[in-house]
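Per our numbering, the very first residue in the sequence shown carries number 136; after that it's consecutive. Don't be surprised by glycine CBs; every beta carbon is placed ideally from N, CA and C.
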Amino acid sequence: AQCGYTVGVLPLQDQVALRASYFSCHTDNMVCTNSIVFTCSPSLPWSPREVTCEENYMEVSVRSDVACPTGTKKDDWDSYTSATTDWQVMFQRVEQELTPMNLSEAQKQGYEFDLTDGRLVFRTPYGQPDSFSTEVNGVPVEVVHATLFSRQSWVVLMVDLVAACSLYDGSYDDDGYMMWETPEVLHPQVSGLHDTQVHVGVDGELVEQPVAEERGYTVQHNATVQISIPYNAEGGYRKSFVDDDLYEYYVFHLYLEQISVDEDHVDTRLRFHRTLYTPLLPRPVFTENRTIHEEHVFTIYLGDVPDDVELAAVNLNGHKCTIPFTNTSSHTITKVAHPNNTHGYTLRVPFGDPVVIQQFSIKDAAMQQRLDINYTLTVLPENEPFYHLASVMALTDVSPPVFDAVCSESGISFKLDHRPFDYLWYISIDTELLTSELAAQHSYIMSNDSQSLLLNVPLYTHGYEYKDITLKGFLGTFEILVRDHETSEVQSSTVKTCPFSTTELIMCSTDGRMTVVADLSRAVTSGGIPARTNLVDKYCGPKEADDSRALFSFPLNSCGSIVKLNKGSVTYENEIFFSKKFRAQKNPDFSSVTERVIMQCTYPLAGLHRLFSVYRFESDTVGFGRILHSANSTEDLQSPTIEPTTVLQTPVPATRRGTRPGYHPPAQHIKVSSYLKNLSKREPNVQSMRSSREACINVFHTETPEKRKHETRG
136 AQCGYTVGVL PLQDQVALRA SYFSCHTDNM VCTNSIVFTC SPSLPWSPRE VTCEENYMEV
196 SVRSDVACPT GTKKDDWDSY TSATTDWQVM FQRVEQELTP MNLSEAQKQG YEFDLTDGRL
256 VFRTPYGQPD SFSTEVNGVP VEVVHATLFS RQSWVVLMVD LVAACSLYDG SYDDDGYMMW
316 ETPEVLHPQV SGLHDTQVHV GVDGELVEQP VAEERGYTVQ HNATVQISIP YNAEGGYRKS
376 FVDDDLYEYY VFHLYLEQIS VDEDHVDTRL RFHRTLYTPL LPRPVFTENR TIHEEHVFTI
436 YLGDVPDDVE LAAVNLNGHK CTIPFTNTSS HTITKVAHPN NTHGYTLRVP FGDPVVIQQF
496 SIKDAAMQQR LDINYTLTVL PENEPFYHLA SVMALTDVSP PVFDAVCSES GISFKLDHRP
556 FDYLWYISID TELLTSELAA QHSYIMSNDS QSLLLNVPLY THGYEYKDIT LKGFLGTFEI
616 LVRDHETSEV QSSTVKTCPF STTELIMCST DGRMTVVADL SRAVTSGGIP ARTNLVDKYC
676 GPKEADDSRA LFSFPLNSCG SIVKLNKGSV TYENEIFFSK KFRAQKNPDF SSVTERVIMQ
736 CTYPLAGLHR LFSVYRFESD TVGFGRILHS ANSTEDLQSP TIEPTTVLQT PVPATRRGTR
796 PGYHPPAQHI KVSSYLKNLS KREPNVQSMR SSREACINVF HTETPEKRKH ETRG
């Protein structure tokens, strides 16, 4: 301070600042010399009197009219003042004068006097014993009044050196302004009452008035000069600080010049350097729930984050996620920049993310998703952490589970990812609850763990429906039902239809139709032609054929089918025949032995509603089909191949003009289960009949309804 230096550490700028007076101890000034190299010069000419109020010292310099003899150097002034007692200084206080002392003694007490090119300089640190404090218009002021005098021969030189500085520390208000003030008249000998001008700057440099106004600097005169600076004004600095929570403070290196003109029209320029700062101010960040429920994604915005604060991690319901998130994560976070030196973060987490807590709310009859968030933010560059908590919740109408289904060559695979509320439903195949026992019974391949249910349904197993059957392939459909756990009502279903291809198949539908793709390749090698085949009824030919296969589709009780009734089941049977005539033409040496192809559809009696019905056939389930390949003599191929004692072959009338081939007159509809039940009430011996090895129901078709009603018997 005595030498005219101010040193400060500026952590916000990450700098150390050194500010030196133009008259500091180690500054080379022009002292009565003809030339000197300046590395720095004042921006304005020196006023007759200059007072500088630095952070740690006061300095006053006045214009000196003392003529320097030719050849006099700066060291001559130092030598003269230290070698003679003629130059003395006397400090004055209010209503008292202190004892004069020579300059060397004053220097030992911390005062500095210097003579430069036309300027006489006096500098003193604050708080010296010879200075005094006072209050001017409510503002604290420190004043030092030194009178320098010398007797040279018969001439006495006397210079009044007065420095006065405002000691106001500054203040702040709730509107976001830092304020500082100084009296317009610090001391009668320092400033006057006429034409006072004030200019404001920052970091030791003044700014033009329009620039100051644009930045929000304001200057008011009312016995005192009041300066107001916005917290976030350009040229200032802010810093975040952690003390359990997040705070901030603002720093502004104020520079002010005040020019006053006294009654003698002598200018006095006062230069003020003051660092203004606010106390710790709360700086809360905030979270805003921006979730759009239809997207089923939590969207949370963390905002008002200062530039010197960064997000380091996010804790989601106890799961710590560092920033940035990994690419495999289903949740994302995006940084959002703002022009007001803040930024924010947008966090997105799907409702179905594993970190989200799922809980069924009985009160709301909906699924509750909850996400508790703990943001970890750090203040730079210290990396001091602090935490911000938030919690969001959403209610979702619960929906039945839906399977993902995939086709394969051998069947259909279903997958269901478990959800916490899936216990509200159960899965069934038709009416049967899907269990591991049911899967084993129907040859399904099932695995079920805490994550998902996998069900592989091989082709031709229970539950398939088939349609659009051609020689090229067919469509297989399998349906999984989701039922309400309490009412068993079907809430949803997953239906998957896949294309399949096969060499041979047989299907026995619930509406009484047999569909067969038969592989006739062994007969073809002996001269058979699939397109020239027929069933027992020679008018029932294939619907489609190629070089080795034939497709037949016909009602069970047509085309010469025979019916076998066994205990608890009924079997419909037919056979494929090759044309002898065409076979002989094709291959005169045709072997006497060829393949027999027999087709059977078996239905359980308990599930049948009607038998031998031309117009309608009803079964609760599809039938079990078989294709039997065997070798037999060709002489036997044109007659029925199986003759059980209890089998009745439905008669097939000859084709007449206007009558379609395979036509059967209508028969009475019989529901077998109810018929036997009613019969048991009339016939005491019916139980023995039902428990016999085989039971037979014969229905004779007649040409007239009058006869038909008397000829139906069981």
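Query, Result
"To the nearest angstrom, how far is it from the Cα of E519 to the Cα of G139?", "37 Å"
"Using alpha carbons as the reference points, say which of T359, D252, N237 lies closest to P275.", "T359"
"Determine the direct distance from the alpha carbon of Q355 to that of T859, and round the result to whole angstroms.", "This structure cannot speak to residue 859, because the chain is shown only from 136 to 849."
"Can you give the Cα-Cα distance for D397 and E319, rounded to whole angstroms?", "12 Å"
"Roughly how many angstroms separate the alpha carbons of V527 and T426, rounded to a whole number?", "9 Å"
"Candidates V514, A680, V377: which alpha carbon is nearest T638's?", "A680"
"Classify A152 as helix, strand or coil using the three-state DSSP reduction.", "strand"
"Give the secondary structure of R791 by DSSP, where H, G and I count as helix, E and B as strand, and everything else as coil.", "With a pLDDT of 31 at R791, under the threshold of 50, the modelled position of this residue cannot be trusted, and the question is left open."
"Looking at the structure shown, is Q586 part of a helix, part of a strand, or coil, going by DSSP?", "coil"
"In angstroms, rounded to a whole number, what distance separates the CA positions of I562 and V617?", "5 Å"
"Rank Y738, F635, F613 by C-alpha distance to the C-alpha of G598 and give the top, closest one.", "F613"
"Helix, strand or coil, according to DSSP, for L573 in the structure here?", "helix"
"Looking at the structure shown, is P555 part of a helix, part of a strand, or coil, going by DSSP?", "coil"
"Along the chain, where does the beta strand (DSSP E) containing K602 start, and where does it finish?", "599-602"
"Does DSSP put H408 in a helix, a strand or coil?", "strand"
"Check whether the segment 478-490 touches the segment 426-440, counting contact only when three or more Cβ pairs, one atom from each stretch, lie closer than 8 Å.", "yes"
"List the whole-angstrom C-beta distance separating L640 from S587, where the pair is believed to meet the contact cut-off of C-beta under 8 Å.", "In fact, because the Cβ distance is near 32 Å, the residues do not count as touching under 8 Å."
"Just to confirm before moving on: does the CB-CB distance between C643 and G758 stay below 8 Å?", "yes"
"Near L763, what residues of its chain come up, given a Cβ to Cβ distance below 8 Å and the 5 sequence neighbours on each side ignored?", "R731, V732, I733, M734, Q735"
"Take D532 as the anchor and find which of Q493, A298, E621 has the nearest alpha-carbon.", "Q493"
"Suppose you measure from the CA of P665 to the CA of S688; what does that come to, to the nearest Å?", "15 Å"
"Determine, using beta carbons only, whether L296 and E277 come nearer to each other than 8 Å.", "no"
"Assuming the contact rule is C-beta atoms closer than 8 Å, G608 and S636 should be a hit. Round their C-beta distance to whole Å, please.", "4 Å"
"Counting pairs of Cβ atoms below 8 Å between the segment 304-320 and the segment 406-418, do you hit three or more?", "yes"
"Would V144 be called buried (16 or more neighbouring beta carbons within 10 Å of its own) or exposed?", "exposed"
"If we require 3 or more residues per run, which beta strand (DSSP E) segments fall completely within the segment 295-381?", "312-318, 329-337, 353-356, 359-365, 372-378"
"If you check the beta carbons only, do V291 and L255 fall under 8 Å apart?", "no"
"Taking 8 Å as the threshold (C-beta atoms), are D672 and G695 in contact?", "yes"
"Assuming S375 contacts V491 (C-beta within less than 8 Å), just tell me the rounded distance between them.", "In fact, because the Cβ distance is near 31 Å, the residues do not count as touching under 8 Å."
"Here's the rule: buried if 16 or more other CB atoms are within 10 angstroms of the residue's CB, otherwise exposed. What is S363?", "buried"
"Might you give, ordered along the chain, the residues of its own chain that have their beta carbon closer than 7 Å to the beta carbon of A155, omitting 5 neighbours on each side?", "G139, Y140, T162"
"What residue from T645, L451, Y558, F248 has the CA that sits closest to G742's CA?", "T645"
"For S465, which residues from the same chain have a beta carbon less than 7 Å from its beta carbon, with the 5 sequence-adjacent residues on both sides left out?", "P485, D488"
"Apply the 10 Å Cβ neighbour rule to M293 and answer buried if 16 or more other Cβ atoms are within range, or exposed otherwise.", "exposed"
"Can you give the beta carbon distance from A529 to H428, rounded, assuming they're within the 8 Å contact cut?", "6 Å"
"Run through DSSP, which three-state label would L415 get?", "coil"
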